[in-house]
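Undergrad:
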Amino acid sequence: MPKISDFSAGSIRGVAFTRAPTHPAPQKQEAAVSSGATRQASLDLSPLAKQLASAAQRAAARDSQLSRQELATLASKIQMELGGSAYRLTKPLHDAHVPDTEDPELLARARQATDFLNGKGSNPFRRLTIEQLALIGYDEGGDFTHNERLAASRELGKRYEVWSRAMVDKLNAEYQQTGYQDETTREIIATYKALPPILEAGFGNYEVNMTLMIGKTDPPRGDEADSLIDTLLKTARKLEDRAKKDHPPLEGPDEPGKPA
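In my numbering, the protein residues as written are 316 to 575.
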């Protein structure tokens, strides 16, 4: 799966066509051929790649304009709008929504997202990267349907839950072997720091809180243990609880229709 950077701003620039001379001078022939190849590559991008490229530009602009706290607030607001209690009232409208396009790929993907949210079939975004899922789930540009954004957010929550539980197990295993949890804690911090800004902002002061645990020879007890595990699992719990209340059971990535 190509990374977002492979088809973000560079792809958009390729779409901005420039008029070439009718009879290019000999010294400009090579440049004209290169320009034509770039334009053809842009035309060959899939509909999803084009949508992700546009979403990446919007995300970059948003992230540069908002503070970390503002991003966290926006992320929470978006998630509530996507799958909060009001979703139950508007769900029939979202399920009936058809994108304003004649592109069969876009229409099919929108239907698949709706089917997935109703417990039928697989998530159309199950093979995307974390960065790509965040671009879809948190995009407010209108390129993706409500149900597509919700399906992408479901996949994000599902992966985070699997990862966070694995990290808790890894922390415990490292302590049993070495008496410390430093390497796994550093791995967790690095993972959080590498997340898209709108996801990373939602974890508050995780870096300070978790860095304080590095070098400790005693296992975390009481509030410390609860704080660490809560930091790891809070997003997964929130999404999981919301899914149980507002939506049909989730399915596994390789077992369509089977509850998670």
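Don't be surprised by glycine CBs; every beta carbon is placed ideally from N, CA and C.
Taking buried to mean at least 16 other C-beta atoms within 10 Å of its own C-beta, is Thr526 buried or exposed?
TA: The residue labelled residue 526 in the question sits at position 211 within the sequence shown. Counting Cβ neighbours within 10 Å, Thr526 comes out exposed, since fewer than 16 surround it.
Undergrad: Use the C-beta contact count for Pro407: other C-beta atoms within 10 angstroms, 16 or more gives buried, fewer gives exposed.
TA: On the sequence shown, residue 407 is found 92 positions in, with the first residue counted as 1. Label assigned to Pro407: exposed.
Undergrad: Alpha carbon to alpha carbon, how far is Leu421 from Lys365? Give it in angstroms, no decimals.
TA: Mapped onto the sequence shown, residue 365 falls at position 50. Mapped onto the sequence shown, residue 421 falls at position 106. Whole-angstrom Cα-Cα distance: 11 Å.
Undergrad: CB-CB under 6 Å to Pro439, same chain, minus the five flanking residues each way: which ones, in chain order?
TA: Taking the first residue of the sequence shown as position 1, residue 439 is located at position 124. Hits under 6 Å: Arg424, Gln427, Ala428.
Undergrad: Between Ser391 and the rest of its own chain, which residues show a CB-CB distance below 8 Å, the 5 nearest in sequence each way excluded?
TA: In the sequence shown, residue 391 corresponds to position 76, counting from 1. Contacts found: Gly517.
Undergrad: What is the DSSP secondary structure of Tyr521, reduced to helix, strand or coil?
TA: Counted from its first residue, the sequence shown places residue 521 at position 206. Tyr521 falls in the helix class under three-state DSSP.
Undergrad: Distance check for Lys473 and Ala340, CA to CA, integer angstroms please.
TA: Counting from one through the sequence shown, the residue named residue 340 turns up at place 25. Counting from one through the sequence shown, the residue named residue 473 turns up at place 158. Confidence at Ala340 is low in this model, with a pLDDT of 47, below 50, so the placement of that residue should be treated as unreliable; the coordinate-derived value is given next. Between Ala340 and Lys473, the C-alpha separation is close to 57 Å.
Undergrad: Can you give me the start and stop residues for the alpha helix (DSSP H) that Gly434 sits inside?
TA: One-based indexing of the sequence shown puts residue 434 at position 119. From DSSP, Gly434 is part of no alpha helix (DSSP H); its letter is neither H nor E.
Undergrad: With DSSP collapsed to three states, give me the class of Val477.
TA: Residue mapping note: residue 477 aligns to position 162 of the sequence shown, counting from 1. Val477 falls in the helix class under three-state DSSP.
Undergrad: From the DSSP output, in three-state form, read off Glu515 for me.
TA: Counted from its first residue, the sequence shown places residue 515 at position 200. Correct three-state label for Glu515: helix.
Undergrad: Assuming Gly530 is part of the alpha helix (DSSP H), what are its boundary residues?
TA: Position 215 of the sequence shown, counting from 1, holds the residue named residue 530. First-last for Gly530: undefined, no H or E at that position.
Undergrad: Under the assumption that Ala370 contacts Asp454 (Cβ atoms under 8 Å), give the Cβ distance between them as a whole number of angstroms.
TA: Position 55 of the sequence shown, counted from the first residue, corresponds to residue 370. Position 139 of the sequence shown, counted from the first residue, corresponds to residue 454. Their Cβ separation, rounded to whole angstroms, is 4 Å, which keeps Ala370 and Asp454 in contact under 8 Å.
Undergrad: I'd like the span of the alpha helix (DSSP H) that includes Tyr507, first residue to last.
TA: Position 192 of the sequence shown, counted from the first residue, corresponds to residue 507. Here the alpha helix (DSSP H) through Tyr507 covers 497-508.
Undergrad: For Ala466, count neighbouring Cβ atoms within 10 angstroms of its own Cβ and tell me buried if that reaches 16, exposed if not.
TA: The sequence position of residue 466 within the sequence shown is 151, counting from 1. Ala466 comes out buried.
Undergrad: Tell me whether Pro419 sits in a helix, a strand or coil according to DSSP, three-state version.
TA: Position 104 of the sequence shown, counted from the start, is the residue given in the question as residue 419. DSSP places Pro419 in helix when its eight states are reduced to three.
Undergrad: In angstroms, rounded to a whole number, what distance separates the CA positions of Thr493 and Ile529?
TA: Along the sequence shown, read from residue 1 onward, the residue named residue 493 stands at position 178. Along the sequence shown, read from residue 1 onward, the residue named residue 529 stands at position 214. Going by the C-alpha atoms only, they are around 13 Å apart.
Undergrad: Within 10 angstroms of its Cβ, does Ala401 collect 16 or more other Cβ (buried), or is it exposed?
TA: Locating residue 401 in the sequence shown gives position 86, where the first residue counts as 1. Counting Cβ neighbours within 10 Å, Ala401 comes out exposed, since fewer than 16 surround it.
Undergrad: In three-state terms, what does DSSP make of Pro414?
TA: In the sequence shown, residue 414 corresponds to position 99, counting from 1. Residue state, collapsed to three classes: coil.
Undergrad: By alpha-carbon positions, which one of Leu404, Pro512, Tyr521 ends up nearest to Glu385?
TA: Here residue 385 is taken as the residue at index 70 of the sequence shown, counted from 1. Closest by alpha carbon: Pro512.
Undergrad: What are the start and end residues of the alpha helix (DSSP H) that includes Arg377?
TA: The residue labelled residue 377 in the question sits at position 62 within the sequence shown. Element bounds for Arg377: 362-380.
Undergrad: Take Ile504 and list the residues in its own chain whose beta-carbon comes closer than 8 Å to its own, dropping the five residues that flank it on each side.
TA: By 1-based counting over the sequence shown, the position of residue 504 is 189. Here the set comprises Tyr521, Glu522, Met525, Thr526.
Undergrad: Return the first residue and the last residue of the alpha helix (DSSP H) that Gly398 is part of.
TA: In the sequence shown, residue 398 corresponds to position 83, counting from 1. Where Gly398 is concerned, the enclosing alpha helix (DSSP H) stretches over 383-398.
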